[in-house]
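Residue numbers (the numbering used here), protein chains in the order written: chain A, 1 to 115; chain B, 1 to 114.
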């Protein structure tokens, strides 16, 4: 079964540093997403990406965050200057068609720890 | 704004007990509904989904859910739980529109004792 692949699985960074989280969505999917889950809290939507541009973003996704799909396969989330409260599990997801008939397929996540 | 409520924060059951986890959502239009499971240390996995048709949906591992439109509910059920069902369960809703994101409930922790 096709998978969404995320790297690294765990990243530790110092406060103020830039981090890039990487995702390889399922190849024929059209929509790409980033979600995060702070320890003990619910999964929160960050941003969706379609046709090489952001289609929707949440209040969490401020100017410190950016996404891009540089080469048609990778889908990256960049945090420019990390804060302690950015520590969370970050999930990438992709889905195929307009009404989500294939559901969302989630990656295994990247655990980001900001120290 | 859409929201999803999961009524039970932590459910503790013995093996072979029946399970029902509540989920209510607030959105007036057509929705897609999902239940995800997250086993300890693992990623989110889709248990089942509802888009249209029969409101009783069967998923993997013996789980099922019933969509009751009048109650804005999508409760998850399993007649007999196993120790291996110990996990976090998330209900999620997406308006039936292109590109919309999933809105998750806060999750329910299920602990099954053998």
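Just so you know, even glycine gets a beta-carbon here, dropped at the ideal spot from N, CA and C.
Computed from a predicted model, the values in this text were never measured in an experiment.
* Starting from residue 45(B), follow the beta strand (DSSP E) in both directions and report where the run begins and ends. => In the second chain, residue 45(B) corresponds to position 45, counting from 1. Per DSSP, residue 45(B) belongs to the beta strand (DSSP E) from 44-50.
* **Sub-8 Å separation of residue 94(B) and residue 31(B) beta-carbons** => As a first step, residue 94(B) must be located in the second chain, where it is residue number 94. As a first step, residue 31(B) must be located in the second chain, where it is residue number 31. Contact: yes.
* Starting from the Cα of residue 4(A), find the closest Cα among 45(B), 66(B), 106(B) and 78(B) and give me that residue. => Here residue 4(A) corresponds to residue number 4 of the first chain, with the count starting at 1. Of the listed residues, the one whose Cα sits closest to residue 4(A) is 45(B).
* How long is the line joining the alpha carbons of residue 105(A) and residue 58(A), rounded to whole angstroms? -> The residue given as residue 105(A) occupies position 105 in the first chain. The residue given as residue 58(A) occupies position 58 in the first chain. If you take the alpha carbons of residue 105(A) and residue 58(A), they lie about 20 Å apart.
* Taking 8 Å as the threshold, find out whether the region 62-82 of chain B comes into contact with the region 75-89 of chain A through three or more Cβ pairs. => no
* **Where residue 20(A) falls: helix, strand or coil (DSSP)** => What you label residue 20(A) is simply residue 20 of the first chain in a count that begins at 1. Looking at residue 20(A) - three-state DSSP - the assignment turns out to be strand.
* **Any 3 or more C-beta pairs closer than 8 Å across the region 16-36 of chain B and the region 48-55 of chain B** => yes
* Anticipated Cβ contact below 8 Å, residue 87(B) with residue 110(B), distance rounded -> Counting from 1 along the second chain, the entry for residue 87(B) is found at position 87. Counting from 1 along the second chain, the entry for residue 110(B) is found at position 110. Indeed, because the Cβ distance is near 6 Å, the residues count as touching under 8 Å.
* Could you check where the beta strand (DSSP E) with residue 79(B) kicks off and where it finishes? -> Stepping through the second chain from its first residue, residue 79(B) is reached at position 79. Neither: residue 79(B) is in no beta strand (DSSP E) and is coded neither H nor E.
* Asked: Expressed to the nearest angstrom, what Euclidean distance is found between the alpha-carbon atoms of residue 12(A) and residue 114(A)?
  -> As a position in the first chain, residue 12(A) is number 12, starting the count at 1. As a position in the first chain, residue 114(A) is number 114, starting the count at 1. When rounded, the distance between both Cα atoms is 6 Å.
* Find the nearest neighbour of residue 96(B) within the set 60(B), 52(B), 68(B) and 69(B), judged by alpha-carbon distance. => Here residue 96(B) corresponds to residue number 96 of the second chain, with the count starting at 1. Closest option to residue 96(B), Cα to Cα, is 52(B).
* With residue 76(A) as the anchor, note down where its beta strand (DSSP E) starts and where it stops. => Here residue 76(A) refers to the residue found at position 76 when the first chain is read from its first residue. Element bounds for residue 76(A): 75-79.
* Asked: Could one say the Cβ of residue 101(B) lies closer than 8 Å to chain A's Cβ atoms, at least one of them?
  -> Taking the second chain and counting its residues from 1, the one referred to as residue 101(B) is at position 101. Yes, because at least one Cβ of chain A sits closer than 8 Å to the Cβ of residue 101(B).
* Which of the residues in the region 82-114 of chain B, read from start to end, lie with their CB under 9 Å from any CB of chain A? -> 90, 92, 94, 96, 97, 98, 99, 100, 101, 102, 103, 104, 105, 106 and 107
* To do: Give the residues of chain A in contact with residue 34(B), contact being defined as C-beta atoms less than 8 Å apart.
  => For the purposes of this step, residue 34(B) is identified with residue 34 of the second chain, where counting begins at 1. Under the 8 Å cutoff, chain A gives 103 and 104.
* Asked: Looking at chain A, which residues of the region 39-69 of chain B have a Cβ within less than 8 Å of any of its Cβ atoms?
  -> 42, 43, 44, 45, 46, 49 and 51
* Asked: Given that a residue counts as buried once 16 or more other Cβ atoms are within 10 Å of its Cβ, and exposed if not, what is residue 20(B)?
  -> Position 20 of the second chain holds residue 20(B). Classification for residue 20(B): exposed.
* Using a C-beta cutoff of 8 Å, does residue 16(A) count as contacting chain B? -> As a first step, residue 16(A) is located in the first chain; it is residue number 16 there, counting from the start. No, because no Cβ of chain B sits closer than 8 Å to the Cβ of residue 16(A).
* Within-8 Å CB hit, residue 66(A) to chain B -> The residue given as residue 66(A) occupies position 66 in the first chain. Cβ-Cβ to chain B under 8 Å: no for residue 66(A).
* In chain order, what residues of the same chain lie with their CB nearer than 8 Å to the CB of residue 74(A), ignoring the 5 residues before and after it? -> Counting from 1 along the first chain, the entry for residue 74(A) is found at position 74. Contacts found: 22, 23 and 24.
* To do: Could you list which residues in chain B have their beta carbon closer than 9 Å to that of residue 24(A), in chain order?
  => Numbered from its first residue, the first chain carries residue 24(A) at position 24. Near residue 24(A) there are no residues of chain B at all, since even the closest Cβ is about 14 Å away, more than 9 Å.
* Supposed contact pair residue 27(B) and residue 6(B) - C-beta distance, whole angstroms, cut 8 Å -> Counting from one through the second chain, the residue named residue 6(B) turns up at place 6. Counting from one through the second chain, the residue named residue 27(B) turns up at place 27. Not quite, the Cβ-Cβ distance comes to about 15 Å (not below 8 Å), so this is no contact.
* Which residues in the same chain as residue 14(A) place their Cβ atom closer than 7 Å to its Cβ, once the five residues preceding and following it in sequence are excluded? -> Translated into the one-based positions of the first chain, residue 14(A) becomes position 14. These residues qualify, in order along the chain: 115.
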